[in-house]
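K.L.:
Please find one structure pasted underneath; my questions will follow.
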Amino acid sequence: MTHTFTFFLLNKIQAKKYMTEDEYENVAYSLEIFLINIFKTVQVYVIAYLLGVLFETFIMNLPYVLLRWHAGGWHAKSTINCSIFGITTFVGIPFILQKMDFSLSFFWMTILSLVILCCVLLYAPADTEKNPLVSVSERKRKRIFSFLSALLAIFIAVFFVNNEIGTLMITGLFVEIIMIHPLFYKLNKRSYKNYENYQVQP
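Residue numbers (full-length UniProt numbering): 1 to 202.
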């Protein structure tokens, strides 16, 4: 559906007239990914609203997205699997935490925060087969921004919000840490450090 709609939009604005074939393919790919992400996000938040965890889903999702923007990580091979993952993780976990009335203590929040920061320094950014991070400078830049993003979210979660919100924020960050961990790649039979298969760029 999104594939057809992508080319409908591009044809509507007669994009081919203003681009080379390669540029057109890149724009089509980027637009389709954008539309898929919009669709998946709407799915997650509609279900969260129906289950009464809209706010909790947003709070957990926000630091995850902030860190993932720079840290990258594992992607599901299909849109359906990605949707299932998104709903299970960002609706299921907040729903369970709400029903159990569970929140992390300051001690465990601090321990998990240290684990998150260590993993960011060790494993971020993590690339994929389709989008290898070949540039050394780009990897360095993304690692720095990943660390700063995680540090900011942790600082807010630990010192500026209540335990319930802090727990959701730390959980969101921890989900992203799992997504960039080499063991998770191995369990899913996906290649790690894909940039090593290419000629190194500065």
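Backbone N, C-alpha and C fix where the C-beta goes; we use that ideal spot for every residue, glycine too.
Return the chain-ordered list of same chain residues with a C-beta closer than 7 Å to the C-beta of Asn-194, the five sequence neighbours on each side being excluded.
P.N.:
For Asn-194, where only same-chain residues beyond five positions count, the Cβ hits under 7 Å are Asp-127, Thr-128, Glu-129, Pro-132.
K.L.:
Which residue wins for smallest C-alpha separation from Ile-111, given the options Tyr-123, Leu-51, Arg-143, Ile-170?
P.N.:
Nearest C-alpha to Ile-111: Ile-170.
K.L.:
Only counting the same chain, and skipping five residues up and downstream in sequence, which positions put a Cβ closer than 7 Å to that of Thr-79?
P.N.:
Closer than 7 Å at Cβ, skipping near neighbours: Ile-36.
K.L.:
Would you mind working out which of Tyr-198, Pro-125, Phe-160, Val-136 sits nearest Trp-69, comparing C-alpha positions?
P.N.:
When each option's Cα is compared against that of Trp-69, the closest is Pro-125.
K.L.:
I'd like to confirm the pairing. Which residues does DSSP put opposite Lys-126 in its beta bridges?
P.N.:
Residue identity differs from the one stated: residue 126 is Ala in this sequence, not Lys. Answer is Gly-72.
K.L.:
Hey, is the stretch 163 to 177 in contact with the stretch 96 to 107, meaning 3+ C-beta pairs nearer than 8 Å?
P.N.:
Touching, yes.
K.L.:
Check this for me: beta carbons of Ala-71 and Val-120, under 8 Å apart or not?
P.N.:
In contact: Ala-71 and Val-120 (Cβ atoms closer than 8 Å).
K.L.:
Excluding five sequence neighbours on each side, which residues of the same chain lie with their C-beta closer than 8 Å to the C-beta of Leu-151?
P.N.:
Counting only Cβ-Cβ distances below 8 Å, and skipping sequence neighbours, we find Leu-117.
K.L.:
Identify whether Thr-79 lies in helix, strand or coil by the three-state DSSP scheme.
P.N.:
Thr-79: helix per DSSP, three-state reduction.
K.L.:
Leaving aside the five residues before and after Met-109 along the sequence, list all residues of the same chain whose C-beta is less than 8 Å from its C-beta, in chain order.
P.N.:
Within the same chain, Met-109 has close Cβ partners Ala-157, Val-158, Asn-163, Gly-166, Thr-167, Ile-170.
K.L.:
Out of Phe-55, Tyr-49, Thr-4, Ala-76, state which residue places its alpha-carbon closest to the alpha-carbon of Leu-31.
P.N.:
When each option's Cα is compared against that of Leu-31, the closest is Thr-4.
K.L.:
Kindly give me the distance between the Cβ atoms of Leu-173 and Leu-67, rounded to whole angstroms, as I take these residues to be in contact under 8 Å.
P.N.:
Right, their Cβ atoms sit about 6 Å apart.
K.L.:
Can you give the Cα-Cα distance for Val-53 and Gln-43, rounded to whole angstroms?
P.N.:
Between Val-53 and Gln-43, the C-alpha separation is close to 13 Å.
K.L.:
Sort Phe-107, Lys-186, Gly-73 by Cα distance to Lys-142 and report the nearest one.
P.N.:
Nearest of Phe-107, Lys-186, Gly-73 to Lys-142, Cα basis: Gly-73.
K.L.:
Under 8 Å, do Cys-82 and Lys-40 count as touching if we go by C-beta distance?
P.N.:
Yes, these two residues count as a Cβ contact at 8 Å.
K.L.:
For Gly-86, which of helix, strand or coil comes out of DSSP?
P.N.:
DSSP places Gly-86 in helix when its eight states are reduced to three.
K.L.:
Grouping DSSP H, G and I as helix and E and B as strand, with all else coil, what is Met-19?
P.N.:
Coil, per DSSP.
K.L.:
What would DSSP say about Pro-106, mapped onto helix, strand or coil?
P.N.:
Per the sequence presented here, residue 106 reads as Phe, with Pro not at that position. Residue state, collapsed to three classes: helix.
K.L.:
Nearest to His-75 by alpha carbon, out of Phe-145, Ile-33, Glu-25?
P.N.:
Looking at the Cα atoms, Ile-33 is the closest of the given residues.
K.L.:
Which of helix, strand or coil does DSSP assign to Tyr-192?
P.N.:
Tyr-192: coil per DSSP, three-state reduction.
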